[in-house]
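Student:
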C-alpha cells in the first residue's frame, strides 16, 4: 500500500496514470449491467463474510461483470478486482446498493479517462469514497431495513402465526424480500447517476486532493466511532492486598476510560504499519493473544 | 421425556438451517435469520404439524422482536434456536414458554457458531486474492461463493443434525451448564477484541498518518458520550462537518502560500 502513504504520492499516481500507455475503450454501462451488479451483491451479500474483509468479497462479486466490461486490459482488471477485495462493510440496500452504483460510475470514469489518455480518478479516490460512505449509509440502512421495515411486516402478520397459520411466516418474508430487492435496485441506479455527476464535477474542478483528504477525515472519524462502540476489551483482574481490594479495570477507568480497546486497535495499526498489510497473520496473532489472556481472566 | 426425530426429518431441518446460515439465498436470508418464523414454518412442514409449529414459533418471535445486527453481528441466532426448540416442543408437547427456554440458550450458542463461520471463511481469502491478482473472473466468483457455501454446509449440517437426532434437551442442558463458564468468557472476549481488526485494516488503507487525530477525536467522543446513546447518523454528520472544515482550512492555507 505504498501509494497510499501521503498526498504527494496520490498526486503522483494521478499524473502517472495519464502518462501510461492508452488502454482499450470500455463498453457502455447499461441498466442491465447495474441490475447484474446489484443482483450479484444482493446474492453474495453475506456468504463470504469474514472478520478481516467483512463483505468486501461480496461487493467485488457484484462488480465482476461490470469491471470486465470496463477494463479490457488484463492488468487493470486484476488491479480492479484486488482493490475491491479490501475491507468493506455496509448494509445491503441503502449502503451496498447506493455504493454499487457510485463505484460503477467512478470505475467507468476511471476506465474512460485511462482509455483517452486523460487524468484518471485514482484508486485512492475510489477506495476513500467507499470507505467514507459505507458507515453512515449502513447506519441508515440498518435502522430502516432490519430495524423498521422488517418488523412492520412481522408485526402485521404475527397474529396469523399465533393462530397457527403459516401465512404469518411466509408473507412477512416475501414482502420484505421483494420490497428491499426493489428499492435496493433503485438505490443502485440513483448511486450511479449521482456518482457520474460527482465524478465529472471533481475532475473538472481540480479539487481531487482536497476531496480525498476530506473523505480520509470522514473515514478515520467513522472508524474512531466504530472502535469506541464495538471493540469490547476489559480487564477482569481483581486481587486484594492486606484486605484492600484492587480492580484493575476500575483503576484503568480512572486513568483513561476506553484505554484497552484503543491499545488493541493501535497495536494492530502499528503492526500493519511495520509489517505491511498481513491480515491473516494479524488475525491469528490477535486471536491467539485474546484466547490466552481470557483463559486466565486477564481480559 | 423421550425426544427423537427420524433421520430424514433431522437431516432436512439441518439442511434448511445450513441454507439460512450460509446466507446462500442472498439478502432474503436476513428475515430468515433474524426472525424464527420461516424456520418454524419449515420445521412444521417437515414434522407434519404446521399449526402447532407456528404457535410455538410465534411465541419465540416475541422474544426476538426488534432484534437488529449493527455491523452484521447478531447477539443470537433465532433461526438455530428455533430449529432445535420447535421439534422438542412438538414431540414433548411442551408449552410455547418451555420452547422459549430451550430456544434462547441454543440461539446464543448458535451466534458463536455463526461467528466461527467468519473464521472458517478466512480460508477462502487466499484463493480469492490469488484469482484476483491473476484477473481470473471465474476463479474469483468460485472462491467468493462456492468455497464459503461449502464451508457453511460442512459446519452446520452435521452439527444441527447431531443436535436434533441425539436429542435437543441434552444440548440445552449442556448450554445451561457452561453459560457462565470459561468457554463462554473466552468466546466473548475474542469476539469483542476481534472487532479491532477490521478497523485497524481500514485505518491502514485510508491511512494518512497526518489525519490520525480525527480517529482519536472520534474515539474519545464515542467513549465520552457513550451514555448519551448518540445515533450513528449524528456521528456521521459530525464527521462530515469536520471533513468540510478540514478541507476548507487546508485549501485556504495553500492559497495563502
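Chains as they are written, first to last, in UniProt numbering: chain Z, 1 to 299; chain H, 1 to 257.
We put the beta carbon where it would ideally sit given N, CA and C, even for glycine.
Treat the numbers as computed from the prediction; the structure is a model and nothing was measured.
Am I right that residue 116(H) and residue 14(H) are in contact with their C-beta atoms under 8 Å? What's the rounded C-beta distance?
Tutor: Here residue 116(H) refers to the residue found at position 116 of the second chain. Here residue 14(H) refers to the residue found at position 14 of the second chain. The C-beta distance from residue 116(H) to residue 14(H) rounds to 16 Å, too long to meet the 8 Å contact threshold.
Student: Out of 117(Z), 152(Z), 184(Z), 240(Z), which has the shortest C-alpha to C-alpha gap to residue 40(Z)?
Tutor: Translated into positions along the first chain, residue 40(Z) becomes position 40. With distances taken between Cα atoms, residue 40(Z) lies closest to 184(Z).
Student: What residues from chain H crowd round residue 53(Z), counting only those whose CB sits closer than 7 Å?
Tutor: Position 53 of the first chain, counted from the first residue, corresponds to residue 53(Z). Under the 7 Å cutoff, chain H gives 125.
Student: Would you tell me roughly how many angstroms separate the C-alpha atoms of residue 66(Z) and residue 100(Z), rounded to the nearest one?
Tutor: Counting from one through the first chain, the residue named residue 66(Z) turns up at place 66. Counting from one through the first chain, the residue named residue 100(Z) turns up at place 100. Taking the straight line from one Cα to the other gives about 10 Å.
Student: The alpha helix (DSSP H) with residue 222(H) in it runs from where to where?
Tutor: Taking the first residue of the second chain as 1, we reach residue 222(H) at position 222. Looking at the DSSP string, the run of the alpha helix (DSSP H) that includes residue 222(H) is 212-224.
Student: DSSP has residue 94(H) in a bridge; who is on the other side?
Tutor: For the purposes of this step, residue 94(H) is taken as residue 94 along the second chain, with counting starting at 1. Beta-bridge pairing links residue 94(H) to no other residue.
Student: Indicate whether at least one CB of chain Z lies closer than 7 Å to the CB of residue 37(H).
Tutor: Locating residue 37(H) in the second chain gives position 37, where the first residue counts as 1. Yes, residue 37(H) counts as interfacial toward chain Z.
Student: Enumerate in chain order the residues of its own chain whose CB-to-CB distance from residue 9(H) is below 7 Å, with the five nearest sequence positions on each side excluded.
Tutor: Stepping through the second chain from its first residue, residue 9(H) is reached at position 9. So the list reads 46, 47, once near-sequence residues are dropped.
Student: Starting from residue 13(H), trace the alpha helix (DSSP H) in both directions and tell me its first and last residue.
Tutor: Translated into positions along the second chain, residue 13(H) becomes position 13. 7-21 is the span of the alpha helix (DSSP H), which, as asked, contains residue 13(H).
Student: Can you list, in chain order, the residues of the region 63-79 of chain Z whose Cβ is nearer than 7 Å to any Cβ on chain H?
Tutor: The region 63-79 of chain Z vs chain H, Cβ under 7 Å: 64, 68, 74, 77, 78.
Student: Quick one: is residue 294(Z) near chain H, going by C-beta distance under 7 Å?
Tutor: Position 294 of the first chain, counted from the first residue, corresponds to residue 294(Z). Chain H has a Cβ within less than 7 Å of the Cβ of residue 294(Z).
Student: Assuming contact is defined by CB atoms lying nearer than 7 Å, are residue 212(H) and residue 216(Z) in contact in what I supplied?
Tutor: Looking up residue 212(H) in the second chain gives position 212. Looking up residue 216(Z) in the first chain gives position 216. The answer is no: Cβ separation not under 7 Å.
Student: What whole-angstrom Cβ distance do residue 219(Z) and residue 244(H) have, given they're in contact under 8 Å?
Tutor: Counting from 1 along the first chain, the entry for residue 219(Z) is found at position 219. Counting from 1 along the second chain, the entry for residue 244(H) is found at position 244. Contact flag wrong, Cβ pair sits at about 14 Å.
Student: If we cut at 7 Å on Cβ distances, does residue 45(Z) have a partner in chain H?
Tutor: In the first chain, residue 45(Z) corresponds to position 45, counting from 1. Answer yes: the Cβ-Cβ gap between residue 45(Z) and chain H drops below 7 Å somewhere.
Student: Going by CA-CA distance only, name the one from 24(Z), 31(Z), 51(Z) that's closest to residue 231(Z).
Tutor: For this step, residue 231(Z) is matched to residue 231 along the first chain. Nearest C-alpha to residue 231(Z): 51(Z).
Student: Helix, strand or coil for residue 116(Z)? Go by DSSP, reduced to three states.
Tutor: Locating residue 116(Z) in the first chain gives position 116, where the first residue counts as 1. It is helical.
Student: For a cutoff of 7 Å on Cβ pairs, would you count residue 122(H) as touching chain Z?
Tutor: As a first step, residue 122(H) is located in the second chain; it is residue number 122 there, counting from the start. Chain Z, which has a Cβ nearer than 7 Å to the Cβ of residue 122(H), makes this yes.
Student: Return yes when the Cβ of residue 219(H) is within less than 7 Å of the Cβ of residue 132(Z), no when it is not.
Tutor: As a working mapping, residue 132(Z) is identified with position 132 in the first chain. As a working mapping, residue 219(H) is identified with position 219 in the second chain. It is not a contact, given that the beta carbons lie outside the stated cut-off.
Student: Give me the residue from 5(H), 249(H), 25(H) with the minimum Cα distance to residue 152(H).
Tutor: Within the second chain, numbered from 1, the residue matching residue 152(H) stands at position 152. Among 5(H), 249(H), 25(H), the Cα nearest to that of residue 152(H) belongs to 25(H).
Student: Just checking, does the region 68-77 of chain Z make contact with the region 98-115 of chain Z on the three C-beta pairs under 8 Å criterion?
Tutor: The region 68-77 of chain Z is in contact with the region 98-115 of chain Z.
Student: Per DSSP, what kind of secondary structure is residue 239(Z) in: helix, strand or coil?
Tutor: Locating residue 239(Z) in the first chain gives position 239, where the first residue counts as 1. Correct three-state label for residue 239(Z): strand.
Student: In whole angstroms, give me the CA-to-CA distance for residue 176(Z) and residue 96(H).
Tutor: Working through the first chain from its first residue, we reach residue 176(Z) at position 176. Working through the second chain from its first residue, we reach residue 96(H) at position 96. About 26 Å.
Student: Would the C-beta of residue 195(Z) count as close to the ligand SAH, meaning under 6 Å from any of its heavy atoms?
Tutor: The ligand content of the structure shown is nil, which means the ligand SAH is not present either.
Student: Where do the N-terminal and C-terminal ends of the beta strand (DSSP E) with residue 247(Z) fall, by residue?
Tutor: Taking the first chain and counting its residues from 1, one reaches residue 247(Z) at position 247. From DSSP, the beta strand (DSSP E) with residue 247(Z) extends over 244-247.
Student: Would a C-beta distance cut-off of 7 Å place residue 168(Z) and residue 157(Z) closer than the cut-off?
Tutor: Stepping through the first chain from its first residue, residue 168(Z) is reached at position 168. Stepping through the first chain from its first residue, residue 157(Z) is reached at position 157. Yes, they are a contact pair.
Student: Looking at chain Z, is there any beta carbon in it that lies within less than 7 Å of the beta carbon of residue 97(H)?
Tutor: Here residue 97(H) corresponds to residue number 97 of the second chain, with the count starting at 1. Output row for residue 97(H): interface = no.
Student: So which residues of chain H does residue 214(Z) contact, with C-beta pairs closer than 8 Å?
Tutor: Against the first chain, residue 214(Z) aligns to sequence position 214. The answer, in chain order, is 243, 244, 246, 247.
Student: Whose C-beta lies closer than 7 Å to the C-beta of residue 61(H) among residues of the same chain, with five residues either side of it excluded?
Tutor: As a position in the second chain, residue 61(H) is number 61, starting the count at 1. For residue 61(H), where only same-chain residues beyond five positions count, the Cβ hits under 7 Å are 35, 36, 37.
Student: For the alpha helix (DSSP H) containing residue 41(Z), name the first residue and the last one.
Tutor: To locate residue 41(Z), count along the first chain from 1; it is residue 41. Note, residue 41(Z): alpha helix (DSSP H), 31-44.
Student: For residue 88(Z), which residues does DSSP report across the bridge?
Tutor: Reading the first chain from its first residue, position 88 is the one you call residue 88(Z). Beta-bridge pairing links residue 88(Z) to 54(Z).
Student: Given a threshold of 16 other Cβ atoms within 10 Å of its Cβ, counted over all protein chains shown, does residue 275(Z) qualify as buried or as exposed?
Tutor: Walking along the first chain from the start, residue 275(Z) turns up at place 275. By the neighbour-count rule (16 or more Cβ atoms within 10 Å), residue 275(Z) is not buried but exposed.
Student: Assuming residue 136(Z) and residue 222(Z) make a contact with CB atoms under 8 Å, what is their CB distance in whole Å?
Tutor: The residue labelled residue 136(Z) in the question sits at position 136 within the first chain. The residue labelled residue 222(Z) in the question sits at position 222 within the first chain. 7 Å between Cβ atoms; contact.
Student: I need the boundaries of the alpha helix (DSSP H) containing residue 127(Z), first residue and last residue.
Tutor: Along the first chain, one-based indexing puts residue 127(Z) at 127. Residue 127(Z) -> alpha helix (DSSP H) spans 123-141.
Student: Could you check whether residue 120(Z) and residue 23(Z) sit closer than 7 Å to each other, using their CB atoms as the reference points?
Tutor: As a first step, residue 23(Z) is located in the first chain; it is residue number 23 there, counting from the start. As a first step, residue 120(Z) is located in the first chain; it is residue number 120 there, counting from the start. No Cβ-Cβ contact shorter than 7 Å links residue 23(Z) with residue 120(Z).
Student: Go ahead and label residue 37(Z) buried or exposed: buried means 16 or more other beta carbons lie within 10 angstroms of its beta carbon, across all protein chains shown.
Tutor: Working through the first chain from its first residue, we reach residue 37(Z) at position 37. Under the 10 Å beta carbon count, residue 37(Z) is surrounded by 16 or more other beta carbons and is classified as buried.
Student: Assuming residue 139(H) is part of the alpha helix (DSSP H), what are its boundary residues?
Tutor: Start at 1 with the first residue of the second chain, and residue 139(H) comes out as number 139. 137-165 is the span of the alpha helix (DSSP H), which, as asked, contains residue 139(H).
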